[in-house]
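Quick notes on the structure that follows.
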Amino acid sequence: MSAKQVLDGPALLQKIRRIAFQIYENNFEESEIVIAGIVGEGFAFAELLCEEIKSISKIKAIPVKIDLNKAQPYEHPVKFEGGTDALENKVIIVVDDVLNTGRTFSYSLAPFLSMHVKRIQVAVIVDRNYKRFPISADYKGYELSTTLSEHVQVILSDPAKRGVYLA
């Protein structure tokens, strides 16, 4: 079965720009915010989001990579590229490409609970609404109702293939 494109590159970038405006509206009083992207397309989303926030505001948006094993997150500790010092007393926005069951987000959010942060928010490009963990997105680019057997793929890191696909 071939993948069906749900959003093309320009539409996907427009969703990211809209999320950037929403983040700015809710955090306009901050001088710095941390955009923590989950390894893979989540971090590519974080980098694009930082660029958009910088283009529309004076907020310093700092991208941070959350490194975790998505297949077995309970067996390997979550790591932050660059350490945790830059995260203290900041607004943290944890981002990933797809929010499915909430499992990956649950494990990636856990380390923030032992830090002193101002606020934690969640942003996703696609929200599938199959929650098994109590995670909801503060910022959503697209809500997509699918069957459990369907797979949603977001491609950001390859500009030639950029888009949202359903297989």
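Numbering (the UniProt record's numbering), first residue to last: 1 to 167.
Idealized CB from N, CA, C, for every residue including glycine.
- Only residues of its own chain outside the window of five on either side were considered, and among them THR101, GLY102, ARG103, PHE105 and SER106 have a CB closer than 8 Å to the CB of PHE133, listed in chain order.
- Judged by DSSP secondary structure, GLU143 falls within the beta strand (DSSP E) whose first and last residues are 139-143.
- Distance from SER114 to ILE38 at the Cβ level is roughly 18 Å; contact not present, criterion being Cβ atoms closer than 8 Å.
- For SER136 and ILE92, the gap between their C-alpha atoms comes out near 15 Å.
- In this structure, ALA36 places its C-beta atom within 9 Å of the C-beta atom of PHE80.
- Residue ranges of uninterrupted beta strand (DSSP E) with 3 or more members, entirely inside the UniProt domain "Phosphoribosyltransferase" (2-142) and ordered along the chain, are 4-8, 32-38, 60-67, 91-99 and 119-127.
- The beta carbon of PHE28 sits closer than 8 Å to the beta carbons of SER57 and ILE59 from its chain, once the five residues preceding and following it are set aside; these are given in chain order.
- Note on geometry: alpha-carbon atoms of GLY141 and LEU7 lie some 11 Å from one another.
- The C-beta distance from LEU166 to ALA3 rounds to 7 Å, short enough to meet the 8 Å contact threshold.
- In the three-state DSSP reduction, LEU148 falls in the coil class, being neither helix nor strand.
- The continuous stretches of beta strand (DSSP E) do not include LEU156, and DSSP gives it neither H nor E.
- In this structure LEU48 is buried. Its beta-carbon is surrounded by 16 or more other beta-carbon atoms within 10 angstroms.
- Cβ-Cβ separation between ASP97 and GLU41: approximately 4 Å, consistent with a contact (criterion under 8 Å).
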